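Here's the structure we're looking at; comments come further down.
Chains as they are written, first to last, in the numbering used here: chain S, 29 to 176; chain V, 35 to 155.
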């Protein structure tokens with residue numbers, strides 16, 4: 029079925045009209061507040077690692093990211109994280125908890141497709157590309173550092 | 035007092051990085067998946083040219099918790115690996131440094147995806 033340019037333009041206009049009107053300034057403020065707060069939780073976990081458990085620098089970093097990922101996955105499972113995301117936008121996507129959210133949310137939704145191609149594969153719809161491009165760029169950086 | 039300032043800086047730096055993401059989300063047509071990929075690669079790049087290290091020193095968790103911090107660990111691991119073991123280290127270093135995060139993400143992600151039922155949006 030072919031659509032004329034006129035029809036396409038009319039459809040585009042209807043879509044724009046129906047898109048939720050969002051105030052970018054307010055969104056940035058809430059992204060700042062929620063993102064900052066999530067990082068403060070991370071800072072608290074880090075402080076707990078160095079001051080209370082007396083972890084080494086490496087172990088503290090590992091402990092912090094594991095705890096944040098645990099929190100992000102758990103809150104996604106409870107359905108709380110998506111509610112935060114509606115308000116916070118990038119404030120909940122950019123922190124590592126959002127990375128955990130991007131793993132759990134699609135995996136949970138597609139569970140009916142089975143444990144291999146449903147859960148197992150869907151876990152990596154967003155995390156996969158992140159790992160692919162992150163690892164490749166880090167290898168390139170490492171190789172460059174070999175020669176300088 | 036020092037500890038309090040750590041939290042203030044974590045809040046400011048972490049919040050600012052998220053605002054950059056929000057600006058991209060609001061004013062470009064980039065999807066959140068593309069923004070996440072962009073942030074990791076940006077973290078790797080800024081670490082490679084030596085800028086991100088000073089952001090981490092100031093911001094603490096404010097710089098390591100956002101996904102750019104994941105790129106920072108990847109690049110730092112690869113650079114350290116390259117210094118110690120040459121090419122082999124350059125290839126293994128990134129994943130070695132981020133093993134904890136990736137393993138936790140796979141384990142907890144799978145666990146909670148199986149335990150909980152999807153919520154209607």
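Glycine included, C-beta positions come from ideal geometry on N, C-alpha and C.
Note that the structure is predicted; figures quoted are calculated from it, not measured.
In the DSSP assignment, what residue or residues form a beta bridge with residue i?
| i | result |
| --- | --- |
| residue 23 of chain V | The question about residue 23 of chain V has no answer, for chain V in this structure spans 35 to 155. |
Start and end of the alpha helix (DSSP H) containing residue i?
| i | result |
| --- | --- |
| residue 159 of chain S | 152-175 |
| residue 81 of chain V | 66-82 |
| residue 109 of chain S | 108-116 |
| residue 141 of chain S | It is not in any alpha helix (DSSP H) - residue 141 of chain S carries neither H nor E in the DSSP assignment. |
| residue 88 of chain V | 86-93 |
Does residue i come out as helix, strand or coil in the three-state DSSP assignment?
| i | result |
| --- | --- |
| residue 30 of chain S | coil |
| residue 107 of chain V | helix |
| residue 62 of chain V | coil |
| residue 51 of chain S | coil |
| residue 134 of chain S | helix |
| residue 41 of chain V | helix |
| residue 60 of chain S | helix |
| residue 96 of chain S | helix |
| residue 84 of chain S | coil |
| residue 36 of chain S | helix |
Taking C-beta to C-beta, are residue i and residue j nearer than 8 Å?
| i | j | result |
| --- | --- | --- |
| residue 147 of chain V | residue 96 of chain S | no |
| residue 56 of chain S | residue 53 of chain V | yes |
| residue 54 of chain S | residue 112 of chain S | no |
| residue 122 of chain S | residue 55 of chain V | yes |
| residue 103 of chain V | residue 77 of chain V | yes |
| residue 42 of chain S | residue 94 of chain V | no |
| residue 101 of chain V | residue 132 of chain V | no |
| residue 126 of chain V | residue 105 of chain V | no |
Can you check whether the C-beta of residue i is within less than 8 Å of a C-beta belonging to chain V?
| i | result |
| --- | --- |
| residue 173 of chain S | yes |
| residue 149 of chain S | no |
| residue 76 of chain S | no |
| residue 124 of chain S | yes |
| residue 45 of chain S | no |
Indicate whether at least one CB of chain S lies closer than 8 Å to the CB of residue i.
| i | result |
| --- | --- |
| residue 130 of chain V | no |
| residue 144 of chain V | yes |
| residue 39 of chain V | no |
| residue 62 of chain V | no |
| residue 59 of chain V | yes |
| residue 113 of chain V | yes |
| residue 90 of chain V | no |
| residue 85 of chain V | no |
| residue 35 of chain V | no |
| residue 70 of chain V | yes |
| residue 80 of chain V | no |
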